[in-house]
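Number of protein chains: 2
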Amino acid sequence: METYRIIEIKKNITENNDKRAQVVREKLKDSNTFVINVMSSPGSGKTTTLLQTINALKDKYKLGVIEADLDSDVDASTISKTGIKVVQLNTGHGCHMTAAMADEGLEDINYKDLDLVFLENIGNLICPTSFDTGATSNICILSVPEGDDKPLKYPPMFEMCEVMIINKIDAASFFDFDIDKCISHVKKLNPEIKVFPLSAKTGEGIQEWIQWVESKLVK
Amino acid sequence: METYRIIEIKKNITENNDKRAQVVREKLKDSNTFVINVMSSPGSGKTTTLLQTINALKDKYKLGVIEADLDSDVDASTISKTGIKVVQLNTGHGCHMTAAMADEGLEDINYKDLDLVFLENIGNLICPTSFDTGATSNICILSVPEGDDKPLKYPPMFEMCEVMIINKIDAASFFDFDIDKCISHVKKLNPEIKVFPLSAKTGEGIQEWIQWVESKLVK
Chain A
1 METYRIIEIK KNITENNDKR AQVVREKLKD SNTFVINVMS SPGSGKTTTL
51 LQTINALKDK YKLGVIEADL DSDVDASTIS KTGIKVVQLN TGHGCHMTAA
101 MADEGLEDIN YKDLDLVFLE NIGNLICPTS FDTGATSNIC ILSVPEGDDK
151 PLKYPPMFEM CEVMIINKID AASFFDFDID KCISHVKKLN PEIKVFPLSA
201 KTGEGIQEWI QWVESKLVK
Chain B
1001 METYRIIEIK KNITENNDKR AQVVREKLKD SNTFVINVMS SPGSGKTTTL
1051 LQTINALKDK YKLGVIEADL DSDVDASTIS KTGIKVVQLN TGHGCHMTAA
1101 MADEGLEDIN YKDLDLVFLE NIGNLICPTS FDTGATSNIC ILSVPEGDDK
1151 PLKYPPMFEM CEVMIINKID AASFFDFDID KCISHVKKLN PEIKVFPLSA
1201 KTGEGIQEWI QWVESKLVK
């Protein structure tokens, strides 16, 4: 009885969220703003990857970042040093970004004037998969220290993403991470996924990822 | 209106969970079974830490592990090689262990015959903080590659735990992780928390953690 009730409520919440996500998606299409929802575990390197990406693209395109965190503005403060627009959303106990939160952040950052906005979702490999933000593209970052078996253990994340970045490849030998095995696991779940192994710290492999981002932007 | 409704429902769910957790806690007290709820991000080293702990204690105490994962039995398979009892719970999209799940797992593993049971919660630094499992003790593992700022960004986890393990300290210089700064952040949130910096891989620092576990067990 209890289970049934929870499921019904969850259906209502996600249905309402899906409607709002569709509204967001239409708005972004109208203004030619490309929005990338970046998801990962805590500490996988979302902010460092965004920093490298922003520094490579900020002179050619108008960029913005919407940061979601339970608490603190550590990441927003880091990103704002690049000189681009940043909005911080604090969620308290909230474990994912909703379409309503994304919409609010996008209005606040004045998305119509921007070519590309990153949503840095809350560090969580599970809950964000149930909530469409309305972003144009969903990507995830898996970092080497987390282990090459993570696609087996958290399949919904890897099934829904257009891109998987494997970050911290400079630490691959230290952590005995098998990149080929990881790619093989993820391709079984999602044959179309694009995989970019890179190190946001050293810059190795970052160009291929940045080229992919640029290929999506309207010149 | 929508927000209010969600909050009300959440209150019902957590109230029901709290009641069930209390039932679990009473049962564990009656049977002198110590249960440790182990929480962390994906890939922080829960399973490796448990392996070391089990191997150190399995000849002196009767042990068991309850594994919760969205999918796969990778961890249960690893732990079962130690020869102790393991139960695997698969949650699908479920992002945390509930008291009902813990209760079911404890019954299945025949907790009354055991001195110590580990609940290896789902890899998630957020949602498990809202759901009391009924465990005797809550602990979390933060691994060095995640960064020393994580207590600032995910405060509820560090506030609720009796112990924080800082794992993968053998990688501290590689990742520029400041152990003192991390401990200072967490002590501001939770002055009573016990901190064990260790490497489950090399065994460095593991003895202090194992001594703490043993101090909790009825001889």
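Protein chains in written order, with my numbering: chain A, 1 to 219; chain B, 1001 to 1219. All C-beta atoms, glycine included, are put in the ideal place defined by N, C-alpha and C. The structure presented is a predicted model; accordingly, all values stated were derived computationally and were not measured.
Margin query: List, in chain order, every chain B residue whose beta-carbon is nearer than 7 Å to that of lysine 226 of chain A.
Written below: The structure shown does not extend to residue 226 of chain A, since chain A is modelled only from 1 through 219, so no value can be given for it.
Item checked: Nonlocal neighbours in the same chain, by C-beta distance under 7 Å from serine 1041 of chain B, ignoring five residues either side -> Gly1123, Leu1125 and Glu1146
Next item on the list: For glutamate 2 of chain A, I'd like the list of residues in its chain whose CB is within less than 7 Å of its CB, leaving aside the five on either flank, ordered along the chain.
Entry: Low local confidence applies: a pLDDT of 39 at glutamate 2 of chain A is under 50, so the model's placement there is unreliable, with the coordinate-based value given in what follows. If you ignore the 5 residues before and after glutamate 2 of chain A, its C-beta comes within less than 7 Å of no other C-beta in its own chain.
Note to self: What does the Cβ neighbour count give for threonine 1202 of chain B, buried or exposed, with the cut at 16 atoms within 10 Å?
What the structure shows: exposed
Next item on the list: Would you grab the beta carbon distance between glutamate 1159 of chain B and asparagine 1190 of chain B for me? Rounded to a whole angstrom, and I think it's under 8 Å.
Entry: 5 Å
Check: Hey, does lysine 1181 of chain B have any beta-carbon neighbour from chain D nearer than 8 Å?
Finding: The displayed structure is made up of protein chains A and B, and chain D is not among them.
Margin query: Comparing C-alpha positions only, which one of B/Phe1118, B/Asp1108 and B/Glu1162 sits nearest to valine 1035 of chain B?
Written below: Shortest Cα-Cα distance from valine 1035 of chain B to any of B/Phe1118, B/Asp1108 and B/Glu1162 involves B/Phe1118.
Check: Whose Cβ in chain B lies nearer than 8 Å to the Cβ of isoleucine 165 of chain A?
Finding: By Cβ distance, chain B contributes nothing, its closest Cβ being about 15 Å from isoleucine 165 of chain A, past 8 Å.
Notebook entry, point to check: Between glutamate 1162 of chain B and lysine 1187 of chain B, is the Cβ-Cβ spacing less than 8 Å?
Noted result: no
Item checked: Under the three-state DSSP convention, the category leucine 1106 of chain B falls into -> Leucine 1106 of chain B falls in the helix class under three-state DSSP.
Check: Which residues does DSSP pair with serine 1215 of chain B in a beta bridge?
Finding: In the DSSP output, where bridge partners are listed per residue, serine 1215 of chain B has none listed.
Item checked: Beta-bridge pairing of glutamate 67 of chain A - partner residues as DSSP gives them -> A/Gln88 and A/Glu120
Notebook entry, point to check: Looking at chain B, which residues of the segment 58 to 75 of chain A have a Cβ within less than 7 Å of any of its Cβ atoms?
Noted result: Asp69, Leu70, Asp71, Ser72 and Val74
Item checked: Cross-chain neighbours of glycine 1123 of chain B in chain A, by beta carbon under 9 Å -> Ser41, Leu125, Ile126, Glu146, Lys150, Lys153 and Tyr154
Notebook entry, point to check: Which chain A residues are close to leucine 1168 of chain B, counting only those with a beta carbon under 8 Å from its beta carbon?
Noted result: Note that residue 1168 of chain B is lysine in the sequence shown, not leucine. Ordered by position in chain A, the residues that pass the 8 Å Cβ test against lysine 1168 of chain B are Pro145.
Notebook entry, point to check: Fully enclosed by the segment 175 to 209 of chain A, which alpha helix (DSSP H) runs are 4 residues long or longer?
Noted result: 179 to 189
Note to self: With distance defined between alpha-carbon atoms, name the residue in B/Leu1152, B/Gln1211, B/Ser1143 and B/Asp1075 nearest to glycine 92 of chain A.
What the structure shows: B/Leu1152
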